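Q:
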Amino acid sequence: MTGAPSSIIWAPFLPLWLLTTLAALCLLIGLYGALRRSRGVLWRMGALLLGLLWLANPRQTHPHMQVQPQDALLVVDISPSMGIGDRQKLVQQARTQLLKQGQTLHDLTIHELEVPGGNGQGTRLFEAMDRAALSLNNPAGIFLLTDGMDHDIPSQLPPSLKDMTGRVIPLHLLLSAKGEETDRRLRVLSAPPYVIIGQTAHIRIQVDDLGTTEGQPVDILEHGPDGQSKILAHTQSGQPVDLDVPVTHAGLTLKELTASPLQGEASLRNNSTILRLQGVRDRLRVLLVSGVPNQGARVWRTLLKADPSVDLVHFTILRSPDTEDDTPLSDLALIPFPTHELFAQKINSFDLIILDGFRNQNILPESYLENIARYVRKGGGLLVVGGPEMTQIGTLQDTPVGSVLPAHIPAENGVITQSFSPERTTLGLSHPVTQALPEHGPWGSKWGPWYRALRTDQTQGRTLLATPSGSPLLVLDQRGQGRVAMLLSDQIWLWSRGEKGGGPQAELLRRLSHWLMKEPELEENQLEAHIDQGRLTVTRTTLTPLHDVQADVIGPNGHHTALPLTHVPEHENLWSGNLLLPSLPEQTGRIWTIRQDELSTTVALPDTNPLEDQDLRSTATGLASLVAHSGGGVFWLGSGSVPEIRQIAEGHTLHGKGWAGLPLHQTALSTGNTSTAFLPGWLLLILILAMMGLGWWREGR
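One gets my numbering by counting positions in the sequence shown from 1 and adding 27 to each.
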């Protein structure tokens, strides 16, 4: 029981009407005396009024009050940044001591709350505290054990720091360090998402020194796959640095940049960053050469023109260069075919050459045809779409180009004229070009029919599509460093017209042309890797059966580990293996290299907490203002002292050196209250007699 705010009540000894009448009489007597200028009338009036006040009996009431039981919230930050140094140890020691103190204090219950992080959204302490505070009956304070790095700090007092009556409760901040810490981080200010192969990516980075003065010297290093590092630049913290990074191949290029350490910094975790640069081709240049105009040429032209990444050059050859034409030059609407420019000077500038319905018959000199064959062997792509012209004498297969073609068509009985639906071969079901082609669509469960194809007497390479009788329709092969494909029918255009539902013409031609231009996602032989929750998974895709497959895993420190790959039963051409990665020191690096036969790939440890890693200090900077507004205190656990919990009366300071206070809230009991006379009777009697005496004294003068 303790004192509380009081109130005044009236408990008159006489009825209210009688008190009112007596008051009126006193007023009349006073006025009468004043009009007659009687001496001492004011003193006598004062005595009468005091007498009336005593009869009105004013009393002061005191409600019965009792201190409420206290609820304190103990919030423990267990986010990834708390794993730095001895932060967890300091916090656990403080947690244990605070709980022990809570057990010895009267009517105090401490509720624990652990707040994790690592979900990509940083540490969100106040979001969790607001939810937990709803279950507290009489919140008296919050003890927050953290490194000070929170990512949902409110701009004003949150609901968790106010009770149901609106009273502010203190937030005591217990930080896991000896004092304010420093940290160095490396940031990427700008980097292009895509870089053309063979060019350099222009990167801008900056090193920030947090908690200390900027402008300190720092080295920028590139961490190599052999565990060694090379210096790329010398700079100062706080100053942007421009770097040029070459991109030499299609797909993802990983580079790890590191800033030299800052003496005494909290962690090296954010001293490095991973550059992820996607190498892409410049506009793909395609040369489409067609013979007699046909529907297939229109299909190719429409498809390639619709692809924004393709730069199409299309020519139709209607006659040989030495054919005589008596038409006056002024009347000719067609331009001369630039054979020398295309097939001699600029042939290597094309990524793909398509010959559609091309009848040779001495249209191109043999030297140009040798250039095409040489172009393929040196890395170019060639697609030949064949029709009946392939059975004539002197066709492409009878020229130097024939040395790179994967199929040969006989001159006799080389054309099949009947209705058939193209089908994928066993190999076609697993090859990247045809594997993903939709089986069902407007055509139902079977692709629409073609009515003409070429019969082969010799094939090399891989057959992906065939007639129901097994005659090849699409044959792929590699020649030297280049690739070649033959489509042994000139009627794929029927699919674009929807013949009996049509077929996946656009997707097939797109994937076929991009395979010929060596797009990485369409490679038959692929080596891929990814890291999830500290486990490395390596997958090897190949159309060639493998035995005793092992991958060489090279860690950031240059250490080699042999990883066996086993066949995946559900996928005929897939081998896989996984490895639990060891924990390495922060400065070791984050990029792992995987090699298998002639293939190689790299993978980096994922950025699981990019927001958390922006600042790894223990600091009161972010929370100090909120703590001050709540009346709480800031305590550094690394100094070896855990604050003593004190229960403090409301209205007093709630923190001091070595102690943290919880305010004692009081509430009125429903059992009643105590009342006392506002003015004691003896005091009123003295005052009345004194005033009467003064009145008589005044009258006698």
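Beta carbons are placed, not taken as given, at the ideal position from N, Cα and C, and that holds for glycine.
All values derive from a computational prediction rather than experimental measurement.
Among the residues of its own chain, which have a CB less than 7 Å from the CB of residue 715, if the five just before and after it don't count?
A: Cβ within range, chain order: 74, 77, 78.
Q: Which same chain residues, not among the five before or five after residue 30, have their C-beta less than 6 Å away from its C-beta?
A: No answer about residue 30 holds up, because its pLDDT of 47 lies below 50 and its placement is not dependable.
Q: Cβ atoms of residue 544 and residue 408: under 8 Å apart, would you say?
A: Contact flag set, yes.
Q: What are the start and end residues of each continuous beta strand (DSSP E) run of 3 or more residues lying completely inside the segment 481–543, in chain order?
A: Counting whole runs of 3 or more residues, the segment 481–543 contains the beta strand (DSSP E) stretches 489–493, 499–506, 509–514.
Q: What does DSSP give as the partner residues of residue 235 in its beta bridges?
A: Answer is 212, bridged to residue 235.
Q: So for residue 303, helix, strand or coil by DSSP?
A: Looking at residue 303 - three-state DSSP - the assignment turns out to be strand.
Q: Whole-angstrom Cβ separation of residue 198 and residue 649, contact assumed at under 8 Å?
A: Not quite, the Cβ-Cβ distance comes to about 13 Å (not below 8 Å), so this is no contact.
Q: Between the Cα of residue 392 and the Cα atoms of 422, 625, 676, which residue gives the shortest distance?
A: Measuring from the Cα of residue 392, the nearest candidate turns out to be 422.
Q: If I measure Cβ to Cβ from residue 443 and keep anything under 8 Å in the same chain, skipping five residues before and after, which residues do I get?
A: Within the same chain, residue 443 has close Cβ partners 479, 480, 481, 482, 494, 498.
Q: Can you tell me whether residue 688 is helix, strand or coil according to DSSP?
A: Of the three classes helix, strand and coil, the one that applies to residue 688 here is strand, per DSSP.
Q: Just to confirm my understanding: we take residue 340, look at its own chain, exclude 5 residues before and 5 after, and list those with CB closer than 8 Å. What are they?
A: So the qualifying residues of the chain are 312, 313, 314, 315, 369, 377.
Q: Grouping DSSP H, G and I as helix and E and B as strand, with all else coil, what is residue 202?
A: Residue state, collapsed to three classes: strand.
Q: Buried or exposed: where does residue 144 fall if 16 or more other Cβ atoms within 10 Å of its Cβ makes it buried?
A: It is buried - the Cβ of residue 144 has at least 16 other Cβ atoms within 10 Å.
Q: Name the DSSP beta bridge partners of residue 673, please?
A: For residue 673, which the question treats as bridged, DSSP gives the partners 688.
Q: For residue 98, collect the residues of the same chain with a Cβ closer than 7 Å to its Cβ; drop the 5 residues on either side in sequence, then sort them by chain order.
A: The answer, listed in chain order, is 136, 138, 163, 164, 165, 166, 167.
Q: Any idea which residues DSSP pairs residue 255 with across the strands?
A: DSSP lists no partner for residue 255.
Q: Considering only residues of the same chain and omitting the five flanking positions on each side of residue 221, which have a CB-CB separation below 6 Å?
A: Around residue 221: 305, 307.
Q: Smallest Cα separation from residue 367: which of 321, 395, 585, 381?
A: Closest by alpha carbon: 395.
Q: Do you know offhand how far residue 374's Cα is from residue 424's?
A: Taking the straight line joining both Cα atoms gives about 20 Å.
Q: Quick check on the burial criterion: 16 or more other C-beta atoms within 10 angstroms. Buried or exposed for residue 183?
A: Result: exposed.
Q: On the three-state DSSP scale, how would you describe residue 138?
A: In the structure shown, residue 138 sits in a strand (DSSP, three-state: E or B).
Q: Leaving out five residues on either side along the sequence, give the residues of the same chain with a beta carbon under 7 Å from the beta carbon of residue 666.
A: Excluding residues within five positions, the ones whose Cβ falls inside 7 Å are 205.
Q: Does the Cβ of residue 610 have 16 or more other Cβ atoms within 10 Å, making it buried, or fewer, making it exposed?
A: Classification for residue 610: exposed.
Q: Short check: CB of residue 451 to CB of residue 410, under 8 Å?
A: No; because the gap between Cβ atoms is not below 8 Å, this pair is not in contact.
Q: Which same chain residues, not among the five before or five after residue 576, have their C-beta less than 6 Å away from its C-beta?
A: Around residue 576: 592, 602.
Q: For residue 112 and residue 212, I'd like the C-alpha separation in whole angstroms.
A: Residue 112 and residue 212: Cα-Cα distance of roughly 17 Å.
Q: Would you mind sorting residue 434 into buried or exposed? The rule is 16 or more other CB atoms within 10 Å of its CB.
A: Buried, since its Cβ has 16 or more Cβ neighbours within 10 Å.
Q: Just to confirm the assignment, what range does the alpha helix (DSSP H) spanning residue 399 have?
A: Residues 393–404.
Q: Need the endpoints of the alpha helix (DSSP H) that residue 326 sits in, please.
A: Residue 326 -> alpha helix (DSSP H) spans 322–333.
Q: In the DSSP output, which residue or residues are listed as bridge partners for residue 605?
A: For residue 605, which the question treats as bridged, DSSP gives the partners 564.
Q: Entirely within the segment 414–493 and at least 4 residues each: give me those alpha helix (DSSP H) ranges in chain order.
A: Entirely contained in the segment 414–493, the alpha helix (DSSP H) runs reaching 4 residues are, in chain order, 459–462.
Q: For the putative contact between residue 270 and residue 257, defined by C-beta atoms under 8 Å, what is the C-beta separation to the nearest angstrom?
A: Not confirmed; about 12 Å, so no contact.
Q: When you compare the segment 270–288 with the segment 233–251, are there three or more beta-carbon pairs, one atom per stretch, that lie closer than 8 Å?
A: Counting Cβ pairs under 8 Å, three or more are found: they touch.
Q: Between 264, 242, 318, 300, which has its C-alpha nearest residue 230's C-alpha?
A: Answer by Cα proximity: 300.
Q: Hey, residue 477 and residue 516 are a contact pair by Cβ (cut 8 Å); roughly how many whole angstroms apart?
A: Indeed, because the Cβ distance is near 5 Å, the residues count as touching under 8 Å.
Q: Would you please state the rounded distance, in angstroms, between the beta carbons of residue 39 and residue 46? I believe it to be under 8 Å.
A: Yes, they are in contact, since the Cβ atoms of residue 39 and residue 46 sit about 6 Å apart, within 8 Å.
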